[in-house]
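K.L.:
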Amino acid sequence: MAEEKIIPKHDHETLKFPDGFLWGAATSAHQVEGNNISSDWWEWEQKHQPQALRSGQACNQYNLYEQDFDLAKSLNHNAHRLSIEWSRIEPKEGEFDESEIEHYKKVLKALKDRNFTVMLTLWHFTLPKWVADKGGWENGATALYFERFVRRVVPEITEYVDLWITLNEPGVYIYETYIERAWPHSKKSLFGQIKTFLNLTSAHKKVYKFLHSNFPAGKPVGIANNILSFEVSHKHSIKEQIAVWLNDLFANHLFYMFTRGTHDFFGVNYYFHIRLKDRNIIPGANSLMQQTHDVSDLGWEIYPEGIFEVLTDLADDIPIYITECGIASTNDDRRNRFLISYLQEVARAIKAGVNVRGFFYWSLLDNFEWHLGFEPRFGLVEVDYSNLERHIRPSALVYTDIIQHNGIPHSLLRFIGHTVQAEEVLEKRQKEIKKEIK
Ligand code: FCB
922 MAEEKIIPKH DHETLKFPDG FLWGAATSAH QVEGNNISSD WWEWEQKHQP QALRSGQACN
982 QYNLYEQDFD LAKSLNHNAH RLSIEWSRIE PKEGEFDESE IEHYKKVLKA LKDRNFTVML
1042 TLWHFTLPKW VADKGGWENG ATALYFERFV RRVVPEITEY VDLWITLNEP GVYIYETYIE
1102 RAWPHSKKSL FGQIKTFLNL TSAHKKVYKF LHSNFPAGKP VGIANNILSF EVSHKHSIKE
1162 QIAVWLNDLF ANHLFYMFTR GTHDFFGVNY YFHIRLKDRN IIPGANSLMQ QTHDVSDLGW
1222 EIYPEGIFEV LTDLADDIPI YITECGIAST NDDRRNRFLI SYLQEVARAI KAGVNVRGFF
1282 YWSLLDNFEW HLGFEPRFGL VEVDYSNLER HIRPSALVYT DIIQHNGIPH SLLRFIGHTV
1342 QAEEVLEKRQ KEIKKEIK
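Each residue of the sequence shown is one higher than the one before, counting from 922 in our numbering.
(1) What residues match up with D1305 in a beta bridge as DSSP calls it?
(2) Would you kindly work out how many angstroms separate the C-alpha atoms of G1294 and S976, rounded to a whole number?
(3) Express the C-alpha separation of E1296 and V1304 in angstroms, rounding to a whole number.
(4) Using CA atoms only, rank isn't needed, just tell me which of W1058, L1170, W1291, Y1025 is closest to N1120.
(5) Can you list, in chain order, the residues of its chain with a C-beta nearer than 7 Å to that of F1017? Leave out the 5 residues immediately preceding and following it.
(6) What does E1296 pair with, by DSSP beta-bridge criteria?
(7) Helix, strand or coil for H1194 per DSSP?
(8) Flag this pair as yes or no: are the beta carbons of L1286 and R1311 separated by less than 8 Å?
(9) With a threshold of 8 Å between beta carbons, is K1027 in contact with chain C?
(10) Closer than 8 Å by C-beta to K1356: which residues in its own chain qualify, once you throw out the five before and the five after it? Chain order, please.
(11) Looking only at its chain, what residues have a beta carbon closer than 6 Å to the beta carbon of F1229, apart from the 5 residues adjacent to it on each side?
(12) Between which two residues does the beta strand (DSSP E) containing N1089 stretch?
(13) Sorry if obvious, but does the Cβ on N1190 come closer than 7 Å to a heavy atom of the ligand MN?
(14) Measuring from the CB of N1257, is there a heavy atom of the ligand FCB at a distance below 7 Å?
(15) Evaluate the contact criterion for the stretch 1032-1048 versus the stretch 997-1008: three or more CB pairs, one atom per stretch, below 8 Å.
(16) Using 10 angstroms around the beta-carbon of I927, count the other beta-carbons present and answer buried if the total reaches 16, otherwise exposed.
(17) Run the CB neighbour count on F1112, radius 10 Å, all protein chains shown included, and call it buried at 16 or more, exposed below.
(18) Which parts of the stretch 948-973 are runs of the alpha helix (DSSP H), unbroken and 4 residues or longer, counting only runs that do not cross its ends?
(19) List in chain order: all unbroken beta strand (DSSP E) runs of 3+ residues lying wholly within the stretch 1119-1163.
(20) Thinking C-alpha only, which one of I1313, I1163, S1332 is nearest Q988?
(21) What separation, rounded to the nearest whole angstrom, lies between the Cα atoms of Q1212 and S1150?
(22) Where H1133 and F1336 are concerned, what is the direct C-alpha to C-alpha distance, given to the nearest angstrom?
(23) Which runs of the alpha helix (DSSP H) spanning at least 4 residues fall entirely within the stretch 1009-1094, listed in chain order?
(24) When you compare the CB positions of D1083 and K1026, do they come within less than 8 Å of one another, or not?
(25) With distances taken Cα to Cα, identify the nearest neighbour of P1225 among A1031, L936, I1248.
(26) Could you check whether the Cβ of Q970 sits closer than 7 Å to any heavy atom belonging to the ligand FCB?
(27) Less than 8 Å between the C-beta atoms of F1171 and V1128, yes or no?
(28) Since V953 and Q982 are thought to touch, with beta carbons under 8 Å apart, how far apart are those beta carbons, to the nearest angstrom?
(29) Could you check the C-alpha separation between A1124 and Y1192 for me, to the nearest Å?
(30) What number of angstroms, rounded off, separates the C-alpha of L936 from the C-alpha of I1261?
(31) Under 7 Å from any heavy atom of the ligand FCB, does the C-beta of E1290 make it?
(32) With Y986 and A1031 assumed to form a contact (beta carbons below 8 Å), what rounded beta-carbon distance in angstroms separates them?
(33) Please classify W1166 as buried or exposed, where buried requires at least 16 neighbouring CB atoms within 10 angstroms.
(34) So what does L936 bridge to, in DSSP terms?
(35) Going by Cα to Cα distance, which pick from L1264, T1321, A950 is closest to E1366?
(36) Which residues in the same chain as T1079 place their Cβ atom closer than 7 Å to its Cβ, once the five residues preceding and following it in sequence are excluded?
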């Protein structure tokens, strides 16, 4: 696209990102593929969830992946994060389904054919049913089963993968299973929680070691961790300070402390800003959310400064990728503002010296949001579930605009201020980009 077309004359400044920055979107297998019938989630949905909250055919990406990758390409993404589904590849203990391995080879090759940098997640919340029947992550053997699966599948697909994510959000998995008790195998068990945590750390370490010792040309390995920004009310009591310290330790740092030296990068999933009230000191409790601020359709506070805070707090000598960040909203103007304001804070963190190398918006398309079903709309691309048609949302074009500039043009920054002029500029840009990508 000729730059003059999309940069208005008065637009001198662009808030630039580093060269080679990865721009993409993220998905996970169970949330988009459909008919993931050998997984524990599938079984749980049939038993415990009403029809409307079951994953069913989801977005049918299992069959429509080429179309979805074409869409991401047309939107100028240069990277993509996705996961492979253990329960498809090893539906029965020790029995690997060659045709499913072939399927994932095709999927990953389709990404490479389109020149994407590929970030692959090896475990994103779902387990094969047989693993769950043996106790899931509470069972110490699960780390070994997981390693066996990884050893079998990785040599087949490694040529198509650039960055590995061993595990997605171990903390959220534990929180939803043992504290919120909204997910499969949920129960009240401190002991179960601790075993699950330790087994997940062990699984990560084993797979990290395997990926590095067997593939010396080594591609970076990390996890995608849900990192929250915490804040106290303004009373500044000692109790509150301790609560923030504890929350930050448990939610943001504990997994890294137990797996030190086995992360080539930090993968940050950023969604939450939590304001603590002095009577609540339990890590992660939902009641801590402040309701008086602007929120997404899920009630999650919109707080761009939080991403600056977590990035500067985590900053170390290893790179950071924002492996997920997004908003559930049927109001696309809100998603426009979300993208611009959150990315502005990412740029600010980079300016402050944080080594951020990429951003993966959650999600490329609307999808199955776990126990909440299909109502939350996170997609850059809207999915019409009556016929599975995909429709690019205007906010996807704002993201494209940013990608094409490898930065945020000044006029977009003004859009955060909701001025009429800024909205006109934005609409004009969206129209131009739409024509361009057709
Ligand atoms: C994250 C999960 C992802 C998606 C988003 C909204 O916690 O990793 O699968 O559900 O939240």
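In this text, a Cβ means the ideal position worked out from N, Cα and C, and glycines have one as well.
P.N.:
So, from the data block:
(1) E1310
(2) 7 Å
(3) The alpha-carbon atoms of V1304 and E1296 are separated by roughly 11 Å.
(4) W1058
(5) I1010, E1011, R1073
(6) Paired residue(s): none; E1296 is not in a bridge.
(7) Look at H1194 here: in three-state DSSP terms it is strand.
(8) yes
(9) Judged by its chain identifiers, the structure shown contains no chain C, having just a single protein chain.
(10) none
(11) E1266, R1269, A1270
(12) 1084-1089
(13) In the structure shown, the ligand MN is absent; the only ligands present are the ligand FCB.
(14) no
(15) yes
(16) Note that I927 scores a pLDDT of 42, beneath 50, so its modelled location is shaky and nothing firm can be said.
(17) With fewer than 16 other Cβ atoms inside 10 Å of its own Cβ, F1112 counts as exposed.
(18) 950-953, 961-969
(19) 1142-1147, 1150-1153
(20) I1313
(21) For Q1212, the predicted model reports a pLDDT of 49, less than 50, meaning its position is unreliable and no value from the coordinates is stated.
(22) The alpha-carbon atoms of H1133 and F1336 are separated by roughly 45 Å.
(23) Counting whole runs of 4 or more residues, the stretch 1009-1094 contains the alpha helix (DSSP H) stretches 1019-1034, 1050-1054, 1062-1078.
(24) No. Outside cutoff.
(25) I1248
(26) No, the Cβ of Q970 stays beyond 7 Å of every heavy atom of the ligand FCB.
(27) no
(28) 4 Å
(29) 25 Å
(30) 11 Å
(31) Under cutoff, so the answer is yes.
(32) About 6 Å; that satisfies the 8 Å criterion.
(33) exposed
(34) I1329
(35) No information on residue 1366 is available, as it lies outside the stretch 922 to 1359 that the chain covers here.
(36) F1136
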